[in-house]
Every structure is written in structure tokens, then in C-alpha cells.
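Notes for the one structure printed next.
Here you go:
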């Protein structure tokens, strides 16, 4: 007699508690890397929104985009300063 799903192997039969434990571990593993990414993203979005909505001048509080642009454009100078700082 042929089963429509194919043969059932012993490895396919899983204890319900074991399946629950495996699902929980999978969720925890995903949460370990996903949660920090979401928090950083929301923080950057909040920072950008506060600067734009309140029209805060860039010399008081630059937005995240301006900070990134400055890091890229001034990288050689900043990197040399980082090396000096790390030697201390």
C-alpha cells in the first residue's frame, strides 16, 4: 500500500515536546540577531524624525545621514586620529 505523502521514516516522527523545544530555540536564535537590528533601525529612524520635525540645525544635532556622509568624506583624517587614540 502506497502512502500519498511517501514513506514515513523514524526520523519524521517527533516527540511533541521536542518539536516545541526546537521551535523555541529557532525563535530565540532569530531573535538574537533580529532584535538588535530592529532596535538600531528604529533608533536611527527616531533620530532622523526628531531632527527633521523639530528643524534642529545640523550644527546642534546632525541627522544620521549627515553623520554618515561626514564619516565617509573625512575618513582619512578620522582614521589617523583613531590610530593615535588607540595607541594611548
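Numbering (the numbering used here), first residue to last: 2 to 89. Ideal placement from N, C-alpha and C gives every residue a C-beta, glycine not left out. No experiment lies behind these values; they were computed from the predicted model shown.
Alpha carbon of residue i to alpha carbon of residue j, nearest angstrom
i, j, result
"residue 60", "residue 82", "21 Å"
"residue 53", "residue 29", "36 Å"
"residue 18", "residue 36", "26 Å"
"residue 75", "residue 31", "36 Å"
"residue 84", "residue 72", "15 Å"
"residue 16", "residue 27", "17 Å"
"residue 43", "residue 57", "19 Å"
Cβ-Cβ separation, residue j to residue i (assumed contact under 8 Å), whole Å
i, j, result
"residue 65", "residue 45", "5 Å"
Sub-9 Å separation of residue i and residue j beta-carbons
i, j, result
"residue 51", "residue 62", "yes"
Simplified DSSP assignment, three categories, for residue i
i, result
"residue 91", "In the structure as shown, the chain starts at 2 and stops at 89, and residue 91 therefore has no counterpart that could be examined."
"residue 16", "coil"
"residue 89", "coil"
"residue 64", "coil"
"residue 57", "coil"
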